[in-house]
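Those letters in the sequence shown? Residues 25 to 436, by my numbering.
Using N, Cα and C, we set each Cβ at its ideal position, and we do this for glycine too.
Report on the structure given below.
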Amino acid sequence: MIKGKHIVLGITGGIAAYKSAILLRLLIKSGAEVQVVMTPAAKEFITPVTLSPLSGKPVVSDFFAANTGEWHSHVDLGLWADLMVIAPCTASTLGKMANGIADNMLVTTYLSAKEHVMVAPAMDLDMYASPSTQRNLATLAADGVEIIEAAEGELASHLVGKGRMAEPEEILKRVEAFFARKEDMKGMKVALTVGPTYEKIDPVRFIGNYSSGKMGFAIAEECAARGAEVVAVSGPVNAYPENPSIRIIKVESALEMEAAAKEEFKKADVGIFTAAVADYRPEVCADQKIKREATDEMTIRLVKNPDIALNVSKEKEKGQTFVGFALETQDGEANAQKKLEKKNLDMVVLNSLADKGAGFRTDTNKVTIITRDRNVAFPLKSKREVAADIVDMIMTHRAAADGVADEKNTAK
Ligand code: PMT
25 MIKGKHIVLG
35 ITGGIAAYKS
45 AILLRLLIKS
55 GAEVQVVMTP
65 AAKEFITPVT
75 LSPLSGKPVV
85 SDFFAANTGE
95 WHSHVDLGLW
105 ADLMVIAPCT
115 ASTLGKMANG
125 IADNMLVTTY
135 LSAKEHVMVA
145 PAMDLDMYAS
155 PSTQRNLATL
165 AADGVEIIEA
175 AEGELASHLV
185 GKGRMAEPEE
195 ILKRVEAFFA
205 RKEDMKGMKV
215 ALTVGPTYEK
225 IDPVRFIGNY
235 SSGKMGFAIA
245 EECAARGAEV
255 VAVSGPVNAY
265 PENPSIRIIK
275 VESALEMEAA
285 AKEEFKKADV
295 GIFTAAVADY
305 RPEVCADQKI
315 KREATDEMTI
325 RLVKNPDIAL
335 NVSKEKEKGQ
345 TFVGFALETQ
355 DGEANAQKKL
365 EKKNLDMVVL
375 NSLADKGAGF
385 RTDTNKVTII
395 TRDRNVAFPL
405 KSKREVAADI
415 VDMIMTHRAA
425 ADGVADEKNT
435 AK
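Spelled out as structure tokens, the structure:
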């Protein structure tokens with residue numbers, strides 16, 4: 025999986041920098057092409073003279089080569105990289121990355137990176153636990169950066185606690201998992217419903233909800249990053265992804281969303297219903313703006329909207345995997361289980377508004393994924409990490425279903 029991949033290995037100034045040489049060797053032995061980028065402080069801990077022969081390339085640290093004036097282009101490096109791994113990553117560099125402070129070659133390369141970025145933080149336990157570091161880690165996770173958590177153990181200060189950089193072998197496993205995952209949806213088609221629906225009352229008013237589309241588009245981005253061709257039928261949201269692998273069909277009402285979803289889901293290998301669809305719509309939409317002066321009270325008669333997930337899933341074919349969401353405030357698992365059966369789904373992702381940081385508009389979510397044979401509860405994570413967990417579960421489910429189909433065929 026790693027053979028021939030382009031990896032930028034970023035190294036910052038901490039004691040754990042000595043382990044970067046081991047990580048570099050492991051990556052090279054796995055067949056990767058590695059470009060080392062060091063911060064000035066990193067060179068106090070390990071020299072380019074050690075790293076350059078290991079990578080087979082001159083180490084980059086400054087914007088210009090001192091002797092020739094040659095420009096080292098962070099933009100070219102960002103485009104070249106299939107993956108950027110920053111190990112160790114100090115509190116200072118985490119802060120700069122989280123806030124776009126581009127005052128060295130490593131952070132400018134990070135800001136130019138087009139592909140996935142992983143960081144392996146390393147620092148003293150109190151620095152790691154400080155609200156500022158945790159805030160920066162949360163910001164980076166929300167930006168889609170993969171955090172390889174620091175481990176517990178003895179630190180450079182001889183204190184014992186959380187702050188040790190993950191071992192190079194552990195980081196290599198994460199790199200391998202990234203490239204394995206990256207390819208696993210190649211050739212697949214994924215369709216999603218995303219965001220809210222707006223149900224018009226008159227030309228200026230509507231019934232809607234708080235969905236921002238962040239969860240749905242995080243899944244769309246994850247599927248695209250793993251090689252799928254993605255189509256998202258999206259209600260009105262503030263931000264749409266700009267990704268050539270994600271086609272977006274913009275709709276407003278539940279009826280429009282259903283019509284588009286019926287068309288698109290039948291062509292998909294995987295269908296995911298993340299939208300918060302308005303369950304009811306006004307029976308009539310006034311042609312003109314309803315005037316406030318006209319009446320002291322107002323009654324709007326609502327009629328039921330179609331259940332898109334239920335209707336589309338009726339047409340589900342063999343080989344298709346359909347996933348629904350359940351947004352609950354109480355009795356979450358029982359309700360999600362009922363939706364799994366009633367809507368003919370393979371999986372339901374339960375999120376609860378009772379959990380802080382979960383649900384609408386947040387950059388994080390806390391989900392339990394429910395299938396017919398197991399419930400897996402995940403901690404609070406960035407929506408992009410939640411998306412990766414959901415897609416992992418979908419791929420495992422499909423592999424198991426294929427296995428069962430193969431067994432049946434062999435038995436015949
Ligand atoms: O967009 P964000 O701000 O990031 O917020 C994400 C989210 C909270 C909207 C998302 O995580 C989520 O929970 N989406 C589903 C919300 C919902 O409508 O849940 P539900 O339990 O009412 O519906 C169950 C399932 O049926 C969902 O898959 C829903 O898309 C689908 N449904 C519901 C009603 C309807 N008329 N048509 C549907 O397709």
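Looking at the secondary structure, which residues open and close the alpha helix (DSSP H) in which residue i lies?
| i | result |
| --- | --- |
| Y222 | Element bounds for Y222: n/a, residue is neither H nor E. |
| Q354 | That residue, Q354, is in no alpha helix (DSSP H); it is neither H nor E in DSSP. |
| R205 | 192 to 207 |
| A52 | In the sequence under discussion, the amino acid at residue 52 is Ile, which differs from the Ala named in the question. Here the alpha helix (DSSP H) through I52 covers 41 to 53. |
| I243 | 238 to 249 |
| V73 | 72 to 79 |
Measuring only the C-alpha atoms, how far is residue i from residue j?
| i | j | result |
| --- | --- | --- |
| F230 | H98 | 47 Å |
| F384 | F241 | 13 Å |
| N426 | G211 | Checking the sequence shown, residue 426 turns out to be Asp, not Asn. If you take the alpha carbons of D426 and G211, they lie about 16 Å apart. |
| E282 | I273 | 12 Å |
| V275 | F202 | 34 Å |
| V199 | K286 | 38 Å |
| V32 | K120 | 18 Å |
| D444 | A411 | This structure cannot settle anything about residue 444, because the visible part of the chain is limited to 25 through 436. |
| H421 | V254 | 19 Å |
| T388 | E94 | 43 Å |
| T221 | R408 | 23 Å |
| E193 | G55 | 15 Å |
| K138 | M189 | 25 Å |
| T163 | E266 | 20 Å |
| P155 | V73 | 37 Å |
| G168 | A122 | 11 Å |
| A256 | K43 | 43 Å |
| T63 | P112 | 11 Å |
| N359 | V327 | 23 Å |
| I171 | A144 | 6 Å |
| Q344 | A382 | 28 Å |
On the premise that residue j lies in contact with residue i, defined as a C-beta separation below 8 Å, what is that separation, rounded to the nearest angstrom?
| i | j | result |
| --- | --- | --- |
| P330 | A278 | 6 Å |
| V61 | V84 | 5 Å |
| E357 | L377 | That pair is no contact at about 15 Å. |
| S116 | D148 | That belief does not hold up - the Cβ atoms of S116 and D148 are roughly 13 Å apart, past 8 Å. |
| N233 | A300 | 5 Å |
| T386 | F349 | T386 to F349, Cβ: 15 Å. No contact. |
Does the beta-carbon of residue i, which I'm using as the reference point, lie nearer than 7 Å to any heavy atom of the ligand PMT?
| i | result |
| --- | --- |
| F69 | no |
| G168 | no |
| M239 | yes |
| R49 | no |
| D150 | no |
| N123 | no |
| K367 | yes |
| N375 | yes |
| F203 | no |
| G348 | yes |
| T298 | yes |
| A278 | yes |
| G232 | no |
| N267 | no |
| T217 | yes |
| D331 | yes |
| N128 | no |
| F384 | yes |
| V301 | yes |
| S154 | no |
| K363 | yes |
| N262 | no |
| L351 | yes |
| S406 | no |
Under DSSP, the beta strand (DSSP E) around residue i begins and ends at which residues?
| i | result |
| --- | --- |
| V261 | Looking at the DSSP string, V261 is not in any beta strand (DSSP E), and its letter there is neither H nor E. |
| L437 | This structure leaves residue 437 out entirely; the chain is present only between 25 and 436. |
| R229 | 229 to 231 |
| M62 | 57 to 62 |
| K186 | 184 to 188 |
| E178 | 175 to 178 |
| V169 | Taken as a continuous stretch (DSSP letters only), V169 belongs to no beta strand (DSSP E), as it is neither H nor E. |
| H30 | 30 to 35 |
| I273 | 270 to 274 |
If we define contact as Cβ-Cβ less than 8 Å, is residue i a contact residue for chain D?
| i | result |
| --- | --- |
| A350 | Note that chain D does not occur in the displayed structure, where there is just one protein chain. |
My parser needs the alpha helix (DSSP H) runs of 4 or more residues fully inside the region 102 to 156; what are they? 115 to 123, 129 to 136, 149 to 153
At which residue ranges does the region 286 to 359 contain complete alpha helix (DSSP H) runs of 4 or more residues, listed in the order of the chain? 332 to 337
Inside the region 376 to 427 only - beta strand (DSSP E) runs reaching at least 3 residues: 391 to 394, 399 to 401
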